[in-house]
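If you read the sequence shown in this note's numbering, its first letter stands for residue 1, the second for the next number, and so on. Backbone N, C-alpha and C define an ideal beta-carbon position, used for all residues, glycine too. Some notes on the structure that comes next.
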Amino acid sequence: MTTAQELRSSSLEGLERLYRDTPLGPKPSRSFQGQVLHRVNSPFARSMSASAVTWPFAHLRFGVDFGACAWFFLHPGLTLAHFRVAPGPSRWRDTQTLQLHYDGSRLPFRGVLYDEVKPLSETVCLGLGGLNRQPENEGDLFYFLLEAR
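Below you can see the structure in the form of structure tokens.
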């Protein structure tokens, strides 16, 4: 079992391996606190536009409530984006993952958002945050930790 502390101290290469090689677990049902771990090493992830998307996650408290299917910033009561969860292939890695689709959200930029989550245990998930982008394999931005609250 991988712990939150092990994820925090992992290299980008270690996170890549773990995300790719870990079998897909069941969908979580609780609330998690989030933390950005590493930005993906790609030209798009290093761009200024990607930095603007990544900044709130790197500097503000955020989390995911899988029971309510919602993202929140600062406080669990401040939900900003609702999502639906679908198990399936990752857009960015050769693995199975939980896809988070924001098409049902009321956010004006809901069609731009896309994330993936790999449950590692009941209390720890490894996520890959990004955007819907063409070609599809170029929208990944950063790895994030989800730790049960």
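Residue 81 - containing beta strand (DSSP E), residue span: 79–82
Heavy atom of the ligand SAM within 7 angstroms of residue 63 beta-carbon: Judged by which ligands are present, the structure shown has none, so any question about the ligand SAM falls away.
Within 8 angstroms, strictly: CB atoms of residue 146 and residue 34: yes
One or two residues paired with residue 45 in a DSSP bridge: According to DSSP, residue 45 bridges with nothing at all.
Residue 78 versus residue 117: straight-line alpha-carbon distance, rounded: 21 angstroms
Stretch pair the region 48–67 + the region 22–30: three plus CB contacts closer than 8 angstroms: yes
Unbroken alpha helix (DSSP H) run spanning residue 4, endpoints: 4–8
CA-to-CA distance, residue 23 to residue 59, given in whole angstroms: 30 angstroms
Nearest-angstrom Cα separation, counted from residue 9 out to residue 123: 17 angstroms
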